[in-house]
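Heads up: the sequence shown at position 125 corresponds to 130 in my numbering, and the numbers run straight through without jumps.
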Amino acid sequence: MKIPPARIYAATLNFPAPVIKFSVEGVSNVHKPTQEQIIKFFHENTVIDFMEIDVVPTPDGEARLELCADSRHANLYSMAHGGVLTTMADTAMGAKCLALNKRVVTISLTIEFMHAVMTNTPRIMTDAKVLHDGRKTMVCECRIVDAKGKLYAKANATFFVIGKLLDDDIT
Numbered sequence: 006m007k008i009p010p011a012r013i014y015a016a017t018l019n020f021p022a023p024v025i026k027f028s029v030e031g032v033s034n035v036h037k038p039t040q041e042q043i044i045k046f047f048h049e050n051t052v053i054d055f056m057e058i059d060v061v062p063t064p065d066g067e068a069r070l071e072l073c074a075d076s077r078h079a080n081l082y083s084m085a086h087g088g089v090l091t092t093m094a095d096t097a098m099g100a101k102c103l104a105l106n107k108r109v110v111t112i113s114l115t116i117e118f119m120h121a122v123m124t125n126t127p128r129i130m131t132d133a134k135v136l137h138d139g140r141k142t143m144v145c146e147c148r149i150v151d152a153k154g155k156l157y158a159k160a161n162a163t164f165f166v167i168g169k170l171l172d173d174d175i176t
């Protein structure tokens, strides 16, 4: 029996790990990526590795980004460069969308810096959440805080949905 080309192609793909099913406001059988898949997303982002930003699993089954700013992250004033903090926020918000099974790209992003992250500042971390989960766009916000909750920066972004991480027909 001849195998159709589509089946041959599908057989050669490296499919993602098993998924966890959960319910969203009465909608059942929605697929959610596992924590391992979300962390893998972070580690496949070469910018995160280049900037030596840490990926830390969270109790809710997702992950956040953390950074101890040092001279490699600093501008001329011994503060973490705004681009480093913006990259952290953008990536954390994108991963929050990924946790809802949506692959996204950034349309627009704004960030406000409340306090300087000096190179001797204790570890900072991201706290991202989805504000709008649409079919074609998503809106998120991200706070960059320290362990005591001090707010260093707040970002908002709009993302374009380019696809899903996991197929709907996985049973």
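We put the beta carbon where it would ideally sit given N, CA and C, even for glycine.
Spatial distance of residue i from residue j (CA atoms)
i, j, result
"residue 157", "residue 171", "34 Å"
"residue 140", "residue 112", "15 Å"
"residue 53", "residue 78", "12 Å"
"residue 105", "residue 64", "16 Å"
"residue 108", "residue 102", "7 Å"
"residue 127", "residue 36", "36 Å"
Three-state secondary structure (DSSP) of residue i
i, result
"residue 137", "strand"
"residue 111", "strand"
"residue 145", "strand"
"residue 71", "strand"
"residue 59", "strand"
Pick from the options that is closest to residue i, judged by C-alpha positions
i, options, result
"residue 131", "108, 153 and 167", "153"
"residue 143", "129, 155, 168 and 120", "168"
"residue 137", "55, 72, 165 and 80", "165"
"residue 51", "80, 93, 37 and 123", "93"
"residue 81", "41, 150, 155 and 124", "124"
Delimiting residues of the beta strand (DSSP E) encompassing residue i
i, result
"residue 167", "156 to 168"
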